[in-house]
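Visitor:
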Amino acid sequence: MVQKVRKIEINQLINFLSKELEDLPDSRKQGNNKKYEISDGVLSAFSIFLTQSPSFLEHQRLMEKMKQKNNADSLFKVSKIPCDNQIRNLLDPVPAQTVYPVYQKIFKWLKEKKVLKKFFYLEGEILIALDGTEYFSSKKISCPHCNSRNHRNGTTTYFHGCVIPAVVSPKAETGN
Numbered sequence: 272m273v274q275k276v277r278k279i280e281i282n283q284l285i286n287f288l289s290k291e292l293e294d295l296p297d298s299r300k301q302g303n304n305k306k307y308e309i310s311d312g313v314l315s316a317f318s319i320f321l322t323q324s325p326s327f328l329e330h331q332r333l334m335e336k337m338k339q340k341n342n343a344d345s346l347f348k349v350s351k352i353p354c355d356n357q358i359r360n361l362l363d364p365v366p367a368q369t370v371y372p373v374y375q376k377i378f379k380w381l382k383e384k385k386v387l388k389k390f391f392y393l394e395g396e397i398l399i400a401l402d403g404t405e406y407f408s409s410k411k412i413s414c415p416h417c418n419s420r421n422h423r424n425g426t427t428t429y430f431h432g433c434v435i436p437a438v439v440s441p442k443a444e445t446g447n
């Protein structure tokens with residue numbers, strides 16, 4: 272039997288995420304240009320995943336240039352839109368372990384809101400499908416966090432990869 276999933280408003284999720292991430296460390300020195308807040312970088316990065324559009328931020332910047340306004344603020348509470356490089360500069364120094372607790376808090380919050388109720392399946396567990404991808408690759412550029420692949424011809428390819436989880440259930444549908 273297919274069961275509908277309880278929905279939440281996107282602004283509820285954005286507000287929760289904003290509150291949980293507002294205390295991320297800012298490693299920039301006091302004298303450095305702090306035109307963008309860390310929260311602007313986090314929520315701008317999040318917007319790409321939510322809208323599934325890598326050009327979302329560019330579209331917002333173009334809209335702001337042409338119409339002197341954009342909807343990144345009303346949708347994602349981003350006051351100033353950083354470019355991709357600025358997002359990296361803001362977020363790369365943030366240690367990943369500082370965000371790990373947020374995942375648990377988001378899971379707990381979604382569970383309390385009963386959004387995940389219909390996803391519990393095998394003996395009360397949540398079924399997760401995993402997919403992996405590489406999202407950076409270079410024979411010349413690397414960082415301390417890069418994976419590497421040594422080739423028979425003696426060259427090395429550096430890359431970043433990730434495993435992307437998705438909550439799935441044969442009992443739930445996400446449509447209207």
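Quick note, our numbering runs 271 ahead of the 1-based positions in the sequence shown. Even for Gly, the Cβ is constructed at its ideal location relative to N, Cα and C. Here the structure is a predicted model, which is why all the values come from computation and not from measurement.
1. Assess contact between the segment 418 to 430 and the segment 308 to 321, defined as three or more Cβ pairs (one per stretch) separated by less than 8 angstroms. Is contact present?
2. Could you give the DSSP three-state label for residue 408: helix, strand or coil?
3. Quick check: what's the CA-CA separation for residue 341 versus residue 333?
4. To the nearest angstrom, how far is it from the Cα of residue 363 to the Cα of residue 352?
5. For residue 398, which three-state DSSP category applies?
6. Could you give the distance in angstroms between the alpha-carbon of residue 368 and the alpha-carbon of residue 296?
7. Can you give the Cα-Cα distance for residue 432 and residue 412, rounded to whole angstroms?
8. How far does the alpha helix (DSSP H) with residue 367 in it extend, from its first residue to its last?
Guide: Concretely, from the data shown:
1. Verdict: no, contact absent.
2. The DSSP-derived three-state label of residue 408 is strand.
3. Using only the alpha carbons, I get a separation of about 8 angstroms.
4. Their Cα atoms are separated by approximately 17 angstroms.
5. Strand.
6. When rounded, the separation of the alpha-carbon atoms in residue 368 and residue 296 is 11 angstroms.
7. The straight-line gap from Cα to Cα measures roughly 15 angstroms.
8. Here residue 367 belongs to no alpha helix (DSSP H), and DSSP marks it neither H nor E.
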